[in-house]
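Student: Before anything else, here's the structure in question.
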Amino acid sequence: MWDDQIHGADRPPCPDIIKTSRERTVSAIKKHFATKNPKFMSLIHGDPHTGNTYLDKAGNPRFLDWQTFHIGSPFHDLSYFIVGALSVEDRRANEVAVIDHYLEALAKFGGTSLSTNDDDVMKEYAKATMAGIGWILTPMRVSDVRTIWCCDR
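Going by the UniProt record's numbering, the first residue of the sequence shown is number 1, and it counts up by one from there.
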């Protein structure tokens, strides 16, 4: 299954570090999902891609499709949305500013006050980007090919 999912001709681009090291990748995935820092717990949407967004009558962005909400790291939703919504270039140019804005809004609405100057915050954000690996491993018959190919970001 690994070869079909990672090395198949019809699969989206996958970083060489993942392609060449199945054991390392599987170990990282297991570690990611096994470790939870209680400092970073929040009610999260769980599936905040651009297809689950809309603008209300006043033009404010909103999320829909809340059936996967749960308690988890607030950085899951943030990284999932940023990686899926922004090009690599835009993400690199604006990532810290977007994270800072998100953290300000999180605190404003009752969440923990956090800062990008805190190494734990940035580690948690980086760790949360691992959630996107699920798209690399998604069988073509489960989702639309265009959706799966979004993982090249």
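Backbone N, C-alpha and C define an ideal beta-carbon position, used for all residues, glycine too.
Can you give the beta carbon distance from residue 75 to residue 124, rounded, assuming they're within the 8 Å contact cut?
Tutor: So it is a contact: roughly 5 Å between Cβ atoms.
Student: Less than 8 Å between the CB atoms is what I'm expecting for residue 46 and residue 69, so what's the real figure, rounded?
Tutor: Confirmed, about 6 Å.
Student: Assuming residue 113 and residue 105 are in contact, meaning their beta carbons sit under 8 Å apart, how far apart are those beta carbons, in whole angstroms?
Tutor: So it is not a contact: roughly 12 Å between Cβ atoms.
Student: Alpha carbon to alpha carbon, what distance is there between residue 84 and residue 100?
Tutor: Cα to Cα, the separation comes out at about 18 Å.
Student: Please report the straight-line C-alpha distance between residue 118 and residue 96, rounded to a whole angstrom.
Tutor: Residue 118 and residue 96: Cα-Cα distance of roughly 12 Å.
Student: In whole angstroms, what separates the C-alpha of residue 89 from that of residue 59?
Tutor: Answer to the nearest angstrom: the Cα atoms are 26 Å apart.
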